[in-house]
Amino acid sequence: MEKNVPKKKKFSTKFLYSQKIAPYVFISPFVITFVIFFAYSIVNMVIMSFQNVAGAKSTFIGFENYAKILPNAVFRKALRNSIFYTIVSCALMIPIPLVMAAMLNSRHMRAKSFFRSITFIPALTSVVVAGVIFRLMFGELEGSFMNQVIGIFGKEPIVWLRTPLTVWIILFFLCLWRWTGVNMMYYLSGLQQIDSSLYESAAIDGAGTLQTFRYITIPLLKPTTIYVLTISIFGGMAMFSESYMIFNGNKSPNNVGTTLVGMLYRMGFEQGNMGIASAIGVIFLLIVLVVNVIQLFINGTFGRKEK
Amino acid sequence: MKKSIPKTVLLVIFFVGVAVITLLPLALLFVASLRPGQELMRNGLNFRIDWAHANLDEYRLLFSGNNAYVTWYLNSLKVTVLQVVLSLVLSSFVGYGFAMYEFKGKGFFFLLVLLVMMVPTEVIILPLYKLIIGMHLINTHTGIILPYIVIPMLIFFFRQYLSGIPKDFLDAGRVDGCSEYGIYTRIMLPLMKPAFASMGIYEGMSSWNNFFWPMIVINQNNKITLPVGLQSLLSPYGNNYDILIAGSVFAILPILLLFALFQQYFIEGMTAGGVKG
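Taken in order, these protein sequences are the chains called A and B.
Quick note on numbering: the numbering used here labels position 194 of the first sequence as 194, and the sequence is numbered without any gaps.
To convert, count from 1 in the second sequence and add 1000; that's the numbering used here.
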């Protein structure tokens, strides 16, 4: 076999096999897909956001797309919806899993791994299956489960998908149901890294459960909290499929459930206005980058070197 | 010891309550799957059920061949398997490069990995769609898979995992005459098995459950994946609840089964992002 290998190929194989070149070969799949799918897309999107894209013909129109979309009332509502969803879901999805993790981790607790597994199960469902269930659970029929529940308290059946308040209740309930278990898991692994001697010395000093929680657990879980906060912010700002599922489409009465991505989808895919949709994409990207920079500063990652 | 029993009781009661709320929506879905879809449309989703008439007819309908459910299922299976295999192989390859070598530009390239990790895919969904059209991959399963064959999250995890493995292995391999790639395939791959398990499950689940991107790429009924297919049954016109409900149960079932068997890998995989360097 060796004999048949031509000289030239041998040289190139030797080159590829050298210890200097090997790392670049190893990371090449990432670099190639990064350039083709990520970098190219971003550049393309920024260019399109300054264009009037009509079929194969595109004309440069400067900031016109931005000037059109920024004052748009529906766009503003969608942006407000996304921000509101993000803020409230962070306010729910951090304290609740944190407290639950601390409770589950308590030495008084029994059957820990059983309950841990149960709370994790909803995370296994797709947004479609979860959406189908919640759409039907919060159905408008008298016999729909949630209407039966409020019926116990003597309330009349309601059309859940009509008013903002009830729509938000569904969306936050859905979010809590699906992700509490996962966030709790982050906190549980964070808790396991806390040195137990700290708790012992706190107990010796006569600190109560709440004091220990406030002055030891919460501060030491800060890295976990920052991580959960970050993924919650991005998850919240990118929310679309949940709303799409419970309304069975990218449409909701008076846009109560329209989000930033929903707006992008409507402009780009439903109305075929690539220029405006790209402008929305760029605005979204800027928001993401700003959040990242803020997060990096708080996290102090700029000062922390990679090992 | 005796003093702490009330605490234990309170905690257990609390978590029993949590467990009930957690399982309730799934139980509702399951109960509904035992009744005809028409009844669900008329009465709503609830626990009222006439057990004497409960049956598995809806499940039989799924596989009766009068609908596309089985096709969707197989499409999803195909897309998931391909995506898991490709992304595991390629991402572990990249993660290995980052973990084991020092090279010029390493910090810069890793920063790019983090950058992609931090930008939600929804941001670039539109230009990505245009690109896939340009590549003539619209309405193909390749179009769903191709942008996601190298996953930054996986790179990050594999790099993290491998950084715990001593580099002496590399030198030992080199002394034994292994090439750089031989070291990866012969020495490192076996060591990475647990990482492959948890990342395979993570990637498999995201692919199996993925909805937004496959919905955009495919618009032919015989090519769509399971979540997209199920969503299409929610149409206000036809009476598709039979297939929708039983089909939803059948979509979660394999995952629940795998979860029961390989729980640790699921939890590790899905919370891998929390492992910070």
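Just so you know, even glycine gets a beta-carbon here, dropped at the ideal spot from N, CA and C.
Simplified DSSP assignment, three categories, for residue i
i                  : result
serine 58(A)       : strand
valine 88(A)       : helix
valine 1018(B)     : helix
glutamine 192(A)   : helix
asparagine 81(A)   : helix
glutamine 19(A)    : coil
glutamine 1231(B)  : helix
asparagine 52(A)   : strand
isoleucine 294(A)  : helix
histidine 1136(B)  : coil
methionine 1(A)    : Legend: pLDDT at methionine 1(A) = 42, less than 50; position of this residue unreliable, no value from coordinates given.
cysteine 1178(B)   : coil
glutamate 306(A)   : In this prediction, glutamate 306(A) has a pLDDT of 41, which is less than 50 and means its spatial position is unreliable; what the coordinates show is noted afterwards. Coil at glutamate 306(A), not helix or strand.
glycine 275(A)     : helix
asparagine 1209(B) : helix
glutamine 1264(B)  : helix
histidine 1053(B)  : helix
proline 71(A)      : coil
glycine 327(A)     : The displayed coordinates of chain A run from 1 to 307. Any statement about residue 327(A) would go beyond what the structure contains.
glutamate 140(A)   : coil
isoleucine 177(A)  : In the sequence as presented, isoleucine is not what sits at residue 177(A); that position holds tryptophan. Tryptophan 177(A): helix per DSSP, three-state reduction.
methionine 1215(B) : helix
lysine 1276(B)     : Reliability of the predicted coordinates at lysine 1276(B) is poor, the pLDDT of 45 falling under 50, and the value obtained from them is presented with this limitation in mind. Coil, per DSSP.
methionine 1041(B) : helix
proline 1166(B)    : coil
methionine 1001(B) : Its pLDDT being 49, under 50, methionine 1001(B) is placed unreliably by the model, and the measurement read from it follows with that caveat. Coil at methionine 1001(B), not helix or strand.
aspartate 205(A)   : coil
arginine 1048(B)   : coil
glycine 1204(B)    : helix
Delimiting residues of the alpha helix (DSSP H) encompassing residue i
i                     : result
phenylalanine 1157(B) : 1152-1162
serine 1033(B)        : Taken as a continuous stretch (DSSP letters only), serine 1033(B) belongs to no alpha helix (DSSP H), as it is neither H nor E.
histidine 1141(B)     : 1141-1145
proline 253(A)        : Segment: none, proline 253(A) is in no alpha helix (DSSP H) and carries neither H nor E.
methionine 100(A)     : 95-105
lysine 1106(B)        : 1106-1118
serine 1076(B)        : 1069-1100
phenylalanine 134(A)  : 127-137
phenylalanine 1259(B) : 1241-1261
phenylalanine 329(A)  : Nothing can be reported for residue 329(A): it is not among the residues displayed for chain A, which extend from 1 to 307.
glycine 1065(B)       : From DSSP, glycine 1065(B) is part of no alpha helix (DSSP H); its letter is neither H nor E.
phenylalanine 114(A)  : 112-120
glycine 154(A)        : No alpha helix (DSSP H) holds glycine 154(A); DSSP gives it neither H nor E.
isoleucine 1149(B)    : Premise fails: isoleucine 1149(B) is in no alpha helix (DSSP H) and is neither H nor E.
glutamine 316(A)      : Given a span of 1 to 307 for chain A in the structure shown, any question on residue 316(A) remains unanswerable.
glutamate 242(A)      : 241-246
Anticipated Cβ contact below 8 Å, residue i with residue j, distance rounded
i                    : j                  : result
methionine 48(A)     : glycine 190(A)     : Not confirmed; about 42 Å, so no contact.
methionine 380(A)    : valine 128(A)      : No statement about residue 380(A) is possible, as the shown extent of chain A runs from 1 to 307 and does not include it.
valine 159(A)        : glutamate 142(A)   : Actually they are not in contact, since the Cβ atoms of valine 159(A) and glutamate 142(A) sit about 11 Å apart, beyond 8 Å.
tyrosine 1202(B)     : methionine 1270(B) : 6 Å
isoleucine 1255(B)   : leucine 124(A)     : 5 Å
isoleucine 1155(B)   : glycine 1095(B)    : 5 Å
isoleucine 334(A)    : alanine 1019(B)    : Residue 334(A) is absent from the model: chain A starts at 1 and stops at 307.
phenylalanine 120(A) : methionine 185(A)  : 7 Å
tyrosine 40(A)       : leucine 1131(B)    : 7 Å
leucine 1152(B)      : leucine 1128(B)    : Here residue 1152(B) is proline; the residue named in the question, leucine, does not match the sequence. The pair is not a contact, with the Cβ atoms about 15 Å apart (cut-off 8 Å).
valine 132(A)        : leucine 1234(B)    : 7 Å
leucine 176(A)       : leucine 92(A)      : 6 Å
leucine 260(A)       : alanine 78(A)      : 5 Å
methionine 267(A)    : serine 82(A)       : Actually they are not in contact, since the Cβ atoms of methionine 267(A) and serine 82(A) sit about 15 Å apart, beyond 8 Å.
isoleucine 1245(B)   : serine 1033(B)     : 5 Å
leucine 1126(B)      : serine 278(A)      : 6 Å
tyrosine 1241(B)     : methionine 1041(B) : 6 Å
Review point. Can you list, in chain order, the residues of the stretch 1084-1097 of chain B whose Cβ is nearer than 7 Å to any Cβ on chain A?
Key: For chain A, the residues of the stretch 1084-1097 of chain B that bring a beta carbon within less than 7 Å of one of its beta carbons are Leu1090, Phe1093, Val1094, Tyr1096, Gly1097, in chain order.
Check your understanding: According to a CB-to-CB cut-off of less than 7 Å, which residues of the stretch 174-189 of chain A neighbour chain B?
Key -> Listed by position along the chain: Trp177, Val182, Met185, Tyr186, Ser189.
Practice item. Specify whether the stretch 15-35 of chain A and the stretch 1087-1101 of chain B touch according to this definition: at least 3 beta carbon pairs, one from each stretch, less than 8 Å apart. Key: The stretch 15-35 of chain A makes contact with the stretch 1087-1101 of chain B; the number of CB pairs closer than 8 Å reaches 3 or more.
Review point. If contact means a Cβ-Cβ distance below 8 Å, which residues of the stretch 136-151 of chain A contact chain B?
Key: Going along the stretch 136-151 of chain A in chain order, one finds Leu136, Met137, Gly139, Leu141, Glu142, Gly143, Ser144, Phe145, Asn147, Gln148 with a Cβ nearer than 8 Å to chain B.
Check your understanding: Using 8 Å as the Cβ pair cut-off and three pairs as the minimum, do the stretch 1115-1134 of chain B and the stretch 283-298 of chain A touch?
Key -> At 8 Å Cβ cutoff, the stretches touch.
Exercise for review: Tell me, please, whether the stretch 60-79 of chain A touches the stretch 1172-1184 of chain B by the rule of three or more beta-carbon pairs shorter than 8 Å.
Suggested key: Too few Cβ pairs lie closer than 8 Å, so no.
Check your understanding: Given 8 Å as the limit, is there contact between the stretch 1164-1177 of chain B and the stretch 1033-1049 of chain B, that is, 3 or more CB pairs closer than that?
Key -> Contact between the stretch 1164-1177 of chain B and the stretch 1033-1049 of chain B is absent: fewer than three C-beta pairs spanning the two stretches fall below 8 Å.
Exercise for review: Determine, using beta-carbon pairs with one atom in the stretch 1188-1200 of chain B and one in the stretch 1157-1167 of chain B, whether at least three such pairs fall under 8 Å.
Suggested key: Segment contact: the stretch 1188-1200 of chain B against the stretch 1157-1167 of chain B, three or more CB-CB distances shorter than 8 Å; contact assigned.
Exercise for review: Say whether the stretch 1071-1080 of chain B touches the stretch 1204-1214 of chain B, bearing in mind that this needs 3 or more beta-carbon pairs closer than 8 Å, one atom from each stretch.
Suggested key: Here the stretch 1071-1080 of chain B lies against the stretch 1204-1214 of chain B, with 3 or more beta-carbon pairs under 8 Å apart.
**Study point:** Interfacial residues, the stretch 14-38 of chain A to chain B, with Cβ spacing under 9 Å
**Key:** The residues in question are Leu16, Tyr17, Ser18, Gln19, Lys20, Ile21, Ala22, Pro23, Tyr24, Val25, Phe26, Ile27, Ser28, Pro29, Phe30, Val31, Ile32, Thr33, Phe34, Ile36, Phe37, Phe38.
Check your understanding: Any chance the stretch 78-98 of chain A sits against the stretch 224-241 of chain A, with 3 or more Cβ pairs inside 8 Å?
Key -> Yes, the stretch 78-98 of chain A touches the stretch 224-241 of chain A.
Practice item. Report yes or no: do three or more beta-carbon pairs, one from the stretch 1220-1232 of chain B and one from the stretch 98-117 of chain A, lie closer than 8 Å? Key: Using a C-beta cut-off of 8 Å, the stretch 1220-1232 of chain B makes no contact with the stretch 98-117 of chain A, since fewer than three inter-stretch Cβ pairs fall below that distance.
Practice item. Give a yes or no on contact between the stretch 165-172 of chain A and the stretch 1055-1069 of chain B, applying the rule of three or more CB pairs nearer than 8 Å. Key: Under the three-pair Cβ rule at 8 Å, the stretch 165-172 of chain A does not count as touching the stretch 1055-1069 of chain B.
Review point. Quick one, which residues of the stretch 1187-1212 of chain B are near chain A if we go by CB-CB under 9 Å, in chain order?
Key: Correct list: Met1205, Trp1208, Asn1209, Asn1210, Phe1211, Phe1212.
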